[in-house]
Structure formats: structure tokens, C-alpha cells
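Residue numbers (mature numbering (1 follows the signal peptide of the UniProt record, and there is no 0)): -33 to -1, 1 to 306.
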């Protein structure tokens, strides 16, 4: 089985991130007179992750009467997810937003949240993320140099491809499926006969366009904001995994703020997350309609029960590696399926 290593790129990636920040450092000294927090995220400005960042900036600057300012770097300007996380750990970046799966190299048990078919709806996921299981993940972050702020939403992952509708596990056989660095999702697609391939999301459009891969799986917001519908013909509403985001801040930077400023930052993160989650829920059906209008063939008749039965070994592998404590904690607060 392939072994993936995450969160270990600090020495290799700081130079890249520091070079990108040279542009940011050229702003006028009047801007930097206040305490300026550098906030980096990976998505285009059209994505709800950027809307969250703008809401956070607005609330922080207003509540602090301008004593705190937030400078946003969208669209991976300061590096890929691993580089931005490493930058936040070192203090080159103050705040970043990334998929929870990108932290599982440092907090392996957090991978339980993205086990296939762990959650049936977003509210169940919120119960776990905002409750004791999420707090357990947050408690691991200070030792890594990070302060956890919130769990915004990436959403339920769906499958797109250029071969045909995906209705049952056999429909995945032979598909060259782009996957992220989630061990559980890699194991899932490999088990079901697909050929999983890891690629940065910034390279995915070209990879789909040129046929390097012929399928991918992401929440709808990412499909729309990265225009994957232009290079993919079929969308299958599989809801095969829920993907949370994790918003973190450099711990030393957070500790350097006054208690009042810390409260402002934490409240702004919570408010922006609540807004972003609600917007994502409200826009889901509209995004599907838009993708259909722009030419994608959409199917909702995915045999969820067949998929759940087929991927049981993925759960078993996770338990063998990480134990079942986090799974049981999630199930206890969310009321979801029992393994």
C-alpha cells in the first residue's frame, strides 16, 4: 500500500513561500503601521472560501477600529496547501485555510472525518466538528505551532468524469481519478478499481483537458470555481465523503495579540464560518442547475448502499492504523452510521 507523507515539507517550501511574500512586503509603510495579519488560501476569488476571508477581514478590522488589518492572498499566491500550512507554522503566514485532510499527516486521527460515507448530511458533520471530536483535533494544533480557529465547509464530494454516469462501484473501474492526499479516499478509489492519481488542484484543469486524468472528485463549489465543467462531461451526485476545511493561525502570532484582539479574531472566524456554511448549503442546488445548463449530464441515482458495502475495508484499514476512538466520538455526537 502506498504510504503518503504530509506536513513535512517545511524546510523545502519556506523559500518558495518567502519569495512570494516579497511582493506583499512592498506595500506602503502606512498600511503596516497597524498590526497586519496575512491570510492565505488556495481558491479563486469567485469561491466561497474567499467570501469567508473577506467576511473575516471586514469583521476584524471593524471590531478592532482598524488596529488589526487583514491582507488576503487568494488563489494559492503564497504556495500550495502544504506550503501555506508550513508558512503558518513558521510565522511567514499568519492565517491560512486548507482542507482538513491536509493536516492529517500531523493529526492522523482527523482523517476519520473524511471516511467514505461517514456523514449523511452537513448538520451531522457540524455536530462532530463543533463538538468534542473537533475540539480534540484543535487540541493537537498548539504543539505544531498552530492555533485552530474554525472548521469552515468544503462540502460533500461528488464525482465527475468523461466516460459516463457513475451509479455503482463497477462504474469506477479503470478511471484515472485525480484524488487529494487523503489516505482513505485514495484507498477507496483503488479498492473500487479506479486508478487514483494525486495532483495539485491548481494543475487539475490542464490534466483533465489533456487527458492525463479523466475523472476527479471535489465538492461542487470547487467544480464551479475552477470551471471543471468545461473539461468534464458527467457529474454524479455521490456524496461519498464530507470535506471540512480548517482555518488556523500561527500560535505565536495569536499569543502576541491582546486578549481583546484574540476574542475579535476568534469571533470573526466563527461568524465567517457560519456565513460560509449557510451560503454553501443555499447554493448547492443552484450550482447543480448551473452545471447542467452549461452542458454537464447530472445523475443522482447513485447506489449508496452498494458503495457503503464495497468500501468497508477502507474503514477497517483506518481503524488498524489509528484506532476507533475518533470514529466512536464522531458517531456519538452526530448519530451517524456504526462501523
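For glycine and all other residues, C-beta sits at the position ideal for the given N, C-alpha and C.
Environment of residue i [buried if 16+ CB atoms lie within 10 Å]
i, result
"residue 288", "exposed"
"residue -2", "Residue confidence for residue -2 is low, a pLDDT of 46 falling below 50, so the modelled location carries little weight; the figure read from the coordinates is stated next. It counts as exposed."
"residue -31", "Per-residue confidence for residue -31 stands at a pLDDT of 35, beneath the threshold of 50, marking its modelled position as unreliable; the derived number appears in the next sentence. That one is exposed."
"residue 143", "buried"
"residue 72", "buried"
"residue 137", "exposed"
"residue 114", "buried"
"residue -8", "Low confidence applies to residue -8: its pLDDT is 45, below 50, so where it sits in the model is not reliable enough to give any reading."
"residue 5", "buried"
"residue 267", "exposed"
"residue 223", "exposed"
"residue 276", "exposed"
"residue 184", "buried"
Pair within 8 Å by beta-carbon distance, residue i and residue j
i, j, result
"residue 244", "residue 58", "no"
"residue 208", "residue 134", "no"
"residue 263", "residue 199", "yes"
"residue 41", "residue 11", "yes"
8 Å Cβ shell around residue i - same chain, five flanking residues per side excluded
i, result
"residue 141", "160, 161, 162"
"residue 281", "82, 83, 151, 154, 155, 158"
Closest residue to residue i among the options (Cα-Cα distance)
i, options, result
"residue 172", "186, 164, 52, 190", "190"
"residue 52", "65, 208, 256, 259", "65"
"residue 109", "233, 218, 235, 290", "218"
"residue 240", "10, 22, 1", "22"
"residue 298", "215, 80, 13", "80"
"residue 151", "75, 82, 296", "82"
"residue 28", "276, 229, 249, 284", "229"
"residue 227", "187, 8, 31", "31"
"residue 312", "77, 232, 88, 122", "In the structure as shown, the chain starts at -33 and stops at 306, and residue 312 therefore has no counterpart that could be examined."
Same chain, Cβ closer than 6 Å to residue i, five either side skipped, listed in chain order
i, result
"residue 166", "145, 174"
"residue 120", "244, 247"
Close-in-space but distant-in-sequence residues of the same chain around residue i (CB under 7 Å, 5 per side omitted)
i, result
"residue 3", "36, 38"
Any non-hydrogen atom of the ligand COA closer than 7 Å to residue i Cβ
i, result
"residue 139", "The ligand COA is absent from the structure shown, which contains no ligands of any kind."
Inset, instruction - Give, in chain order, every unbroken run of the beta strand (DSSP E) that is at least 3 residues long and sits entirely within the stretch 209 to 242. - result: 209 to 217
Inset, instruction - List in chain order: all unbroken beta strand (DSSP E) runs of 3+ residues lying wholly within the stretch 100 to 151. - result: 113 to 117, 120 to 128, 143 to 146
Inset, instruction - Output the residue ranges of the beta strand (DSSP E) runs that lie fully inside the stretch 250 to 290 and measure 3 residues or longer, sorted by chain position. - result: 264 to 266
Legend entry - Inside the stretch 177 to 202 only - beta strand (DSSP E) runs reaching at least 3 residues: 182 to 186
Inset, instruction - Tell me the start and end of each unbroken beta strand (DSSP E) in the stretch 11 to 76 that is at least 3 residues and wholly inside, in chain order. - result: 35 to 40, 62 to 66
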